[in-house]
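Accompanying notes for the structure given below.
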Amino acid sequence: MPAILAKKLGMTQLFLEDGRVERVTVLEAGPCPVTGIRTFDRDGYEAVQLAFGATKEKHLTKPELGHLKKAGASAHRHLVEFRDEAGELQVGETVTVEAFEVGDKVKVAGTSKGKGFQGTIKRHGFASGPKSHGSHNVRAPGSIGASAWPARVMKGIRGPGQMGNERVTQKGLEIVQIDAGQNLLLVRGSVPGPKNGVVEVRTDA
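Residue numbering for the sequence shown follows the working numbering, starting at 9 and increasing by one per position.
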């Protein structure tokens, strides 16, 4: 299962040869050195650890630097594990955008934009109340409990609270174009998170 770490650069339009216009998200993907291999015998699961985001050594701790130097990799800010049951990669190799092909279906996971504390209309799509005849129930959530039974508010009630800033996986995205020279992946559709946010790209299999 090809997988890679990427930085979201933003969205743009791409004009294809047949005249169609694709709305795409531009991802700066890799190169990602392989810094660790997890095996079932030793760790209880099979995975590969990739590094992304080259940085200065002073920005990392000594344990982090030691781990990267043991794998023969330079200083990188992000380390993420991907399940790798095939066991195709080895420590010291590098994953690039060339692991993918145009037309591949991928899923992209990232941290969504935080929107702060929001009410039920914005957060859950509740309908608003009547806006005329002196109504004071325009954006209030309404009744949330019962009387004699259960005499409390049941768990899981959709209410106001923090919105966004959570892990989101967008599935069914298609790779429209690959620029190996600049390490760019152009995928059709939107990707979770803000500009310059780090996302995980996997084949959608």
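Heads up, the beta-carbon is just placed ideally off N, CA and C, and yes, glycines get one too.
DSSP three-state assignment for residue i, whether helix, strand or coil
i: T69; result: coil
i: K163; result: coil
i: R50; result: helix
i: T63; result: coil
i: K203; result: coil
i: R28; result: coil
i: G124; result: strand
i: R147; result: coil
i: I129; result: helix
i: H141; result: coil
i: L97; result: coil
i: E174; result: coil
i: E36; result: strand
i: E106; result: helix
i: G153; result: coil
i: G74; result: helix
Closest Cα partner of residue i within the set the options
i: V110; options: K16, H144, V56, R196; result: R196
i: P168; options: I129, H67, Q98, D49; result: I129
i: T20; options: G27, R31, I12; result: R31
i: P149; options: S136, S140, S143, R160; result: S136
i: G122; options: Q170, K64, V199; result: Q170
i: V176; options: V207, K64, H67; result: V207
i: I183; options: D212, P158, N173, H141; result: D212
i: G133; options: G205, V34, G52, R166; result: R166
i: R210; options: V88, F125, A159; result: V88
i: P10; options: L194, K113, S140; result: K113
i: G172; options: S143, A156, G124; result: G124
i: G95; options: W157, K66, R46; result: R46
Check whether residue i and residue j have beta carbons under 8 Å apart
i: H84; j: A55; result: no
i: G118; j: G38; result: no
i: K203; j: L17; result: yes
i: S120; j: E36; result: no
i: G44; j: A79; result: yes
i: H86; j: F60; result: yes
6 Å CB neighbourhood of residue i in its chain, flanking five on each side removed
i: Q98; result: none
i: T104; result: G38, P39
i: K179; result: K115, D212
i: R91; result: A55
i: T102; result: P39, P41
i: Q185; result: L194
Beta-carbon separation (whole angstroms), residue i vs residue j, contact threshold 8 Å
i: A107; j: I12; result: 7 Å
i: V42; j: G100; result: 7 Å
Same chain, Cβ closer than 7 Å to residue i, five either side skipped, listed in chain order
i: F23; result: V29
i: G153; result: R160, V161
i: L68; result: A83
Same chain only: Cβ atoms within 8 Å of residue i, ignoring 5 sequence neighbours per side
i: V199; result: K16, T33, L35, V116, G118, Q178, L181, V207
i: P138; result: N145, V146
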